[in-house]
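Right, one structure below, let's go through it.
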Amino acid sequence: MNGHIPVLLDECIKYLNIRPDGVYVDGTLGMGGHSEAILQRLTTGRLIAIDRDAEAVRRASARLAPYADRLTIVHGNFRDLDAILDEQGESAVDGMLFDLGVSSPQLDEADRGFSYMTDAPLDMRMDASDNIDAWFIVNRWPRDKIERILRDYGEERFAPRIAARIAERREEREIQTTLELVEVIKSAMPASALREKQHPAKRSFQAIRIAVNDELNAVHALMDSAPDRLKPGGRLCVISFHSLEDRIVKNAIHTREDGCTCPREAPVCTCGFVRTLKSVTRKPITAGGEELELNPRSRSAKLRVAERV
């Protein structure tokens, strides 16, 4: 467990600008790597760590036990950030970190159903208590709805063909496992696509996972609420792994940083815009060569940082 490499760890710690007596949120606890680095820098401060995956909460609780005096772990969803902070008696905090990627155990443990490389029941739920899993989407959702999520969430150019093949196959028999789904996806794609470097099922699995866990709506909710729960000068750090999430984060920061709708020639602002965030870095931060060598999964990670004005 301790061999897990948190993505962009040094950069996150640098830009969080941690105060030893501050209050911080790690909204995606995962394996606890980011949380541990924050806790090591706190003395009288406090960390509230959140994760929707009960197994992640269990494992990270054991790892972080030495820091129990300054740590509160919450089994919950970061989309409910306002309610969680209210329950914890914190009106505002000094910094927040959110790593929006799927954690290594979720990818590596076959029975979770996230991976297209090993056979497992179709699941993909980050929270096992959720009602909708990947099996339900693949076998019960209408063809046009499956096509839409493959196109919009996975940016899959063969979405119509794959959705049609899924609908055709489930008429014969239900699709039960990840590798069954992989074969259906591959059978719908032209030979040229199967020869591409990227695994042919990668985009479709991403799309289904996003739909199962309602990830994009959760990110929208997060970016609506998180800036308002920061103290002046507090930092918001968000790591995303694909363009859809990064676009939500980028646009949300821009709206709070430069959302004035007045004409450029207007001498004063009359639209009522109040700036609440400023970008700390002009462009997203990405992994360097050393991290890419140690952790290839960091290749698509983008870190955006903003500060409460």
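Under the working numbering, the first residue of the sequence shown carries the number 14, and numbering increases by one thereafter. In this text, a Cβ means the ideal position worked out from N, Cα and C, and glycines have one as well. Quick caveat: nothing in here was measured; it's all calculated off a predicted structure.
- Label I18 either buried or exposed according to how many other C-beta atoms from any shown protein chain fall within 10 Å of its C-beta, with 16 as the threshold for buried. exposed
- Query: If you run the structure through DSSP and keep just helix, strand and coil, what is I321?
  - Reply: Contrary to the premise, residue 321 reads as Arg rather than Ile in this sequence. Three-state result, R321: strand.
- Message: With H, G and I counted as helix, E and B as strand and the rest as coil, what does DSSP make of R76?
- Response: helix
- Message: Rounded to whole angstroms, what is the Cα-Cα separation between R310 and R186?
- Response: 35 Å
- Message: Could you check whether L135 and I63 sit closer than 8 Å to each other, using their CB atoms as the reference points?
- Response: no
- Message: I'd like the list of long-range same chain contacts for D34, defined as Cβ closer than 7 Å, with 5 residues on each side in sequence excluded.
- Response: T56, T57, G58
- Message: What would DSSP say about N15, mapped onto helix, strand or coil?
- Response: Because the pLDDT of N15 is 48, which lies under 50, any placement of that residue in the model is unreliable, and the question is left without a value.
- Query: Mind checking whether A42 and Y80 have CB atoms under 8 Å apart?
  - Reply: The question names Ala, but residue 42 in the sequence shown is Leu. Going by C-beta atoms, L42 is not nearer than 8 Å to Y80.
- Look up D85 in the DSSP assignment and give the residues it is bridged to. It should be noted that the sequence gives Thr, not Asp, for residue 85. I61.
- Continuous alpha helix (DSSP H) assignments of at least 4 residues falling wholly in the segment 139–215: 147–153, 156–165, 172–185, 191–201, 204–207
- Task: Flag this pair as yes or no: are the beta carbons of G46 and R65 separated by less than 8 Å?
- Result: no
- Message: Mapping the DSSP letters down to three states, classify V232 as helix, strand or coil.
- Response: helix
- Item | Which of helix, strand or coil DSSP assigns to G247 | strand
- Query: If you draw a straight line from the alpha carbon of G108 to that of G302, how long is it in whole angstroms?
  - Reply: 27 Å
- Message: Quick check on this structure: which residue in F91, I252, R170, I266 has the alpha carbon closest to the alpha carbon of D140?
- Response: F91
- Item | CB of V349 within 8 Å of CB of S253, strictly | No answer is possible for residue 349: the residues shown for the chain start at 14 and end at 322.
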